[in-house]
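Counted from 1, the sequence shown has number 93 at position 91 by this note's numbering; the numbering is strictly sequential. Heads up, the beta-carbon is just placed ideally off N, CA and C, and yes, glycines get one too.
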Amino acid sequence: MEALKAGIEPLIDLERFLEPFGELVRRSESRHAIERYATGLISGAERKNTSELGRSLPGTSAQKLQELLTRTAWEPWAMDRLRIKHMCEFASVGHGALIIDDTGFAKKGHASVGVARQYSGTLG
Numbered sequence: 003m004e005a006l007k008a009g010i011e012p013l014i015d016l017e018r019f020l021e022p023f024g025e026l027v028r029r030s031e032s033r034h035a036i037e038r039y040a041t042g043l044i045s046g047a048e049r050k051n052t053s054e055l056g057r058s059l060p061g062t063s064a065q066k067l068q069e070l071l072t073r074t075a076w077e078p079w080a081m082d083r084l085r086i087k088h089m090c091e092f093a094s095v096g097h098g099a100l101i102i103d104d105t106g107f108a109k110k111g112h113a114s115v116g117v118a119r120q121y122s123g124t125l126g
């Protein structure tokens, strides 16, 4: 599958999907940042951190994405209820499985100060 190349224009289906989530934040800048961040997460960017996404996504910056993740106020329970509602509405019919697991990354190097080996579901 070819990696998605993000453009300045929102992906129509993604924009439509995210619309109810945008209502949980007050500022239009935050709604735009939600769309850009989600676009970045499904894009072909090699790394999905705010610095990389800010550089590779048109129409945003690392600072705007970082502000979305650290300073934008929303009600977590309302966001979670809406997420669950959407998950139920978009669930496929028939047999399937929903698997929730954290994504682990192997640390690089042999020494991380103050960190012992930790279990990772994806790495063991």
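request  = Express the C-alpha separation of arginine 38 and glycine 61 in angstroms, rounding to a whole number.
outcome  = 8 Å
Whole alpha helix (DSSP H) elements within the segment 40-107, 4-residue minimum = List check, alpha helix (DSSP H) in window: 52-58, 64-72, 78-91.
task = Look up leucine 26 in the DSSP assignment and say whether it is helix, strand or coil.
result = coil
query = Could you give the distance in angstroms between the alpha-carbon of phenylalanine 19 and the alpha-carbon of serine 122?
reply = 31 Å
request  = Pull up the distance between the alpha-carbon of glutamate 21 and that of arginine 57, whole angstroms please.
outcome  = If I take the Cα positions, the gap works out to 24 Å.
ask   = Taking the alpha carbon of isoleucine 44 as the point to measure from, which residue in Ala75, Glu17, Glu31, Arg28 has its own alpha carbon closest?
value = Isoleucine 44 has its Cα closest to that of Glu17, out of Ala75, Glu17, Glu31, Arg28.
ask   = If you drop the 5 nearest sequence neighbours on each side, which residues of the same chain put their C-beta closer than 6 Å to that of alanine 64?
value = Thr52, Ser53, Gly56
ask   = With a Cβ-Cβ cutoff of 9 Å, do arginine 33 and glycine 42 count as a contact?
value = Taking 9 Å as the Cβ cut-off, arginine 33 and glycine 42 do not qualify as a contacting pair.
ask   = By DSSP, does serine 122 sit in helix, in strand, or in coil?
value = coil
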